[in-house]
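Chemist: Residue numbers (this note's numbering), protein chains in the order written: chain S, 1231 to 1887; chain F, 234 to 308. Glycine residues also receive a C-beta, built at the ideal position from the N, C-alpha and C atoms.
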Ligand code: SF4
Ligand code: SF4
Ligand code: SF4
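(1) Cβ closer than 8 Å: which chain F residues qualify as neighbours of residue 1547 of chain S?
(2) Determine, using beta carbons only, whether residue 1313 of chain S and residue 1395 of chain S come nearer to each other than 7 Å.
(3) Would residue 1708 of chain S and residue 1688 of chain S qualify as a contact pair, given that the criterion is a beta-carbon distance under 7 Å?
(4) Is the CB of residue 249 of chain F under 7 Å away from at least one CB in chain S?
(5) Does residue 1457 of chain S pass the burial test, meaning 16 or more other C-beta atoms within 10 Å, or should it be called exposed?
(6) Are the region 235–244 of chain F and the region 1734–1743 of chain S touching, with three or more C-beta to C-beta distances below 8 Å?
(7) Under 8 Å between beta-carbons, which chain F residues line up against residue 1500 of chain S? List them in chain order, please.
(8) Does the region 1678–1697 of chain S come within contact of the region 1508–1522 of chain S, defined as at least 3 CB pairs closer than 8 Å?
(9) Contact between the region 1761–1774 of chain S and the region 1723–1730 of chain S is defined here as three or more beta-carbon pairs at a separation below 8 Å; is this criterion met?
(10) DSSP has residue 1547 of chain S in a bridge; who is on the other side?
(11) Would the region 1609–1623 of chain S and the region 1573–1591 of chain S be scored as touching if the rule is three or more Cβ pairs under 8 Å?
(12) With DSSP run on the structure shown, which of helix, strand or coil describes residue 1471 of chain S?
(13) If residue 1269 of chain S and residue 1816 of chain S are in contact, beta carbons under 8 Å, what's the gap, nearest whole angstrom?
(14) With a Cβ-Cβ cutoff of 7 Å, do residue 1832 of chain S and residue 1705 of chain S count as a contact?
(15) Would you say residue 259 of chain F lies against chain S (beta-carbon separation less than 7 Å)?
(16) Taking only three categories from DSSP, how would you classify residue 1785 of chain S?
(17) So, is residue 1371 of chain S buried or exposed, given that buried needs 16 or more other C-beta atoms within 10 angstroms?
(18) What's the C-alpha gap between residue 1276 of chain S and residue 1718 of chain S?
(19) Look up residue 1814 of chain S in the DSSP assignment and say whether it is helix, strand or coil.
(20) Output yes if chain S places a C-beta closer than 7 Å to the C-beta of residue 296 of chain F; else output no.
(21) Could you tell me if the beta carbon of residue 1378 of chain S falls within a distance shorter than 6 Å of some heavy atom in ligand 3?
(22) When you compare only the Cα positions, how much space is there between residue 1845 of chain S and residue 1666 of chain S?
(23) In its own chain, which residues sit with a C-beta less than 7 Å from the C-beta of residue 1452 of chain S, not counting the 5 before and 5 after it?
(24) Report yes or no: do three or more beta-carbon pairs, one from the region 1305–1320 of chain S and one from the region 1234–1248 of chain S, lie closer than 8 Å?
(25) Closer than 7 Å by beta-carbon distance: list the chain S residues that pair up with residue 254 of chain F, in chain order.
(26) Count the other C-beta atoms from every protein chain shown that fall within 10 angstroms of the C-beta of residue 1348 of chain S, then say buried if there are 16 or more, exposed otherwise.
(27) What are the boundary residues of the beta strand (DSSP E) that residue 1308 of chain S is part of?
(28) So for residue 1739 of chain S, helix, strand or coil by DSSP?
(29) Just to confirm, are residue 1869 of chain S and residue 1859 of chain S a CB contact at a threshold of 7 Å?
(30) Could you please give the first and the last residue of the uninterrupted alpha helix (DSSP H) stretch that includes residue 1398 of chain S?
(31) Tell me whether the region 277–288 of chain F and the region 253–263 of chain F touch, counting them as touching only if at least three CB pairs, one residue from each stretch, are closer than 8 Å.
(32) Give the DSSP bridge partners of residue 1405 of chain S, in chain order.
(33) Compile a chain-ordered list of the residues in the region 1553–1583 of chain S whose CB is closer than 7 Å to at least one CB of chain F.
(34) Determine contact between the region 1431–1451 of chain S and the region 1751–1759 of chain S, defined as no fewer than three beta-carbon pairs at a distance below 8 Å.
(35) Below 7 Å CB to CB, which residues in the same chain sit around residue 308 of chain F once its five sequence neighbours on both sides are set aside?
(36) Can you say whether residue 1240 of chain S is buried or exposed, counting buried as having 16 or more other CB atoms within 10 angstroms of its CB?
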C-alpha cells in the first residue's frame, strides 16, 4: 500500500460540479503530496492574471504525504492559493486535526474554485461530497460555527472542520482559515480567498484507512523518536526566569556552533513557542517597537511581564496537533484575562506575544491573551494584525493617524486598552479598523505613506517575529521565499540544529564560524539557504512540523520515514531534488502571475538601513540584495531577476508543465 | 459491546492522538490527564458501548502501545 490515496477532489462553486481525479504515481514521486501536489495543480489550473478574490482563484486544502501513516509529527495540512496580498504564490500551514481527515475521505487534497451565489459549506465523508447551505453560520465566529457544523453533521464519526471567521467573511486580506478551536492556517490571506468564494467551511467525516508501504519500519522509527521525546526534559527547578540571561549570552556570542536540535524539543515540550518570549528580546532575535527599538526600550520592566512561566500558570493542559509527539500547544484558562468573556483558549504563541507585546511596546499580558482569542475566533492572522497595530501606533506618533482619525482612541505605544479596541475595530472593519483590516501594505497606501521607513514588510507581507538583523540567513528567506516574510523556512539557527550536512552530500557543514561572517554575502551562506529552502518544501510536502524539523535529521528521520512509507528507496540527495522542484515551481507560479521576485526584498528597516543605535543588533546591516542574488544563482535561477532558468526547469522536468 | 477493547500503556504513549482520529466511530477521546508532569492529555475509551473491537486504533498507533484485551465476561 502507498502512503497517498492517489485521488484529488475538485469542486467548482459556480457550477456546483464536484468530481474526483486520479493523480498518477509519478506526480507523487516528483512533488510528494502537500505543498508539492498543491503547486503542481495550482500552477497549471489558475490562469495568469486571475483575480485572487475572483472565481478563477483555486483554493486547495492539502494533506501531507506522511499524514496518517505511523510516522510522528507529520499531521499538518496546508491551504494553497494565489495570495491576495502579493498576487503571487500563497500558502499557509496549520496543525490541528484536519490533515488526516482529508485522507480519511479518500483524497490527498481538495481543490475549490468558482464562487457560490450564496453562502455554503462543503461536506465530505467516505462516500459523498455535497455543498450545503451555510447562511445560518455565515457571520458566526469560528469557534461557534465549528461546534454547530460538527453537531449538525454528527453521525458515527465526529466531523473535523476548517472554516473562516468574520475576518474571512469580510475578506480581510490578513485573514486565515481556522481548525480545531483556534489553530490557524493564518498567512498569505487564505481566509479572504475562502470568503470571496462564499465558502464558510469544509467539513470532513471520512473513515477510510490510510495505508503505507512498510508500517513496521515506520513504527520502529516512531518508537525511537517517542523514546527520545520522553527523555528531552529539564529539571523542574529550571524556570522561565532563566531565559533573559540565556538570551543575553546568545546575543553576545561571537561564534556560532552546530547545536543539537534536542534543545528545541526540550523547550517546545515544556513551554512551547513562548520559550522565546524573553530569550528573544535579550538576544536580539525579537523585533521591538515596530522594528525601530531594542531591549533598551523594551527593557526588564516590560519584558518581565511576558515571562513564559506566567502563561504556564494558566495552562490547564497540553495540546498536541494530530500525530505529534512534541506537544508545544496548550489549553489556557483565560476567564480572568478576558474578564469573563471567554473561558479557555489555545495557548498564545510567541509570535502573538511579540506583535502585541514588544512590537507594540505593550507589557499587559492579559490583553495579549484576550486579543489572541479574539483573533482566533475572528480567523485573523495574529502576526499580521499585531504588526499592523504596531504600524498604526507609529503612524499615531508621527501624526499620520490623528486622534480624530483614530476614532478617539489614544494610540500611544503600549496602551493595552486602545490596542484591544483597535483590534475589535479591525475585525469589524469599523472606522480606523477598516483602514487597517487588510494589513500594513494596504493601510500604508490608504494613508498615503507607502515607502516610508515605518512601513515594515517583505513584499507587502508582515514578517514573522524574528529579527533579520540578528540572523541574515533569515533575512534571505524572508526575501526569497515565494511566500515572503515567512519565518518558518530557514535561519542560521535552524541550519545549525538540523544537521543536513550529515545526510545531504552538498549541504555545507556548519562547524564553528564567526557570526560576523554571516553579514557578508558568500557562496557558502547561499548554499545553506538553498538547502534549507529545499528541505522545508520536503517537510511541507510530507505534512511535517517546523518544530520537528528543528529537532534535526538525526532525531526526526524524514528521509527514512519517506522511504518506509513509499518504498521508493531514494537517497537524501534525491529527496532534496524534489524539494528543489517544489520550490522552483512555487517561484514559477509567482512569475507566471507577473510578480517581480525582487519586490519581495525586506524593507530597509528590517535590513538595518539605517542601523539600530542600541541593543544587540546595534550597527548591523544586512546587504540583502546581494544575498538574494547569490541565493537565486545557487538555486539555478537567474541571478538578476530570480526567474528559474530554462536549464533548471528542464533539469527538474518543469519545462513541460 | 465488543468482546475486546483497546487498552493503552500510558507510560509509553506519546499522546499523539492518532488512535482517536483512526477510530471510525469516535469511541476514543483525549481526556485523561494527570499522568505526567507536563499535563499532557491521553486517550481513553469514552464510548465503550460503541466500540466494535475492530483494533483499527491499535494498528494505527505509531508506537504500538495499544493492546486489544479480552473483556472478562463477554463471550
Ligand atoms: S510541535 Fe506543536 S505545532 Fe508542531 S505538530 Fe506538535 S503541537 Fe503542533
Ligand atoms: S477497537 Fe475499533 S471501535 Fe474500538 S476504539 Fe479501537 S478503533 Fe474504535
Ligand atoms: S496512537 Fe498510540 S501513542 Fe498515540 S495517543 Fe494513541 S495510544 Fe498514545
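Modeler: Put simply:
(1) 266, 272, 273 and 274
(2) no
(3) Yes, the pair counts as a contact, with Cβ atoms nearer than the cut-off.
(4) yes
(5) exposed
(6) no
(7) 271
(8) yes
(9) yes
(10) S:1561
(11) yes
(12) helix
(13) 5 Å
(14) yes
(15) yes
(16) coil
(17) buried
(18) 26 Å
(19) helix
(20) yes
(21) no
(22) In this model, residue 1845 of chain S and residue 1666 of chain S are separated by some 30 Å (Cα to Cα).
(23) For residue 1452 of chain S, where only same-chain residues beyond five positions count, the Cβ hits under 7 Å are 1300, 1301 and 1302.
(24) no
(25) The contacting residues are 1327, 1330 and 1552.
(26) With fewer than 16 other Cβ atoms within 10 Å, it is exposed.
(27) 1307–1312
(28) The three-state reading of DSSP puts residue 1739 of chain S in coil, since its state is none of H, G, I, E or B.
(29) yes
(30) 1396–1399
(31) yes
(32) S:1610
(33) 1553, 1554, 1555 and 1557
(34) no
(35) Note that residue 308 of chain F scores a pLDDT of 49, beneath 50, so its modelled location is shaky and nothing firm can be said.
(36) buried
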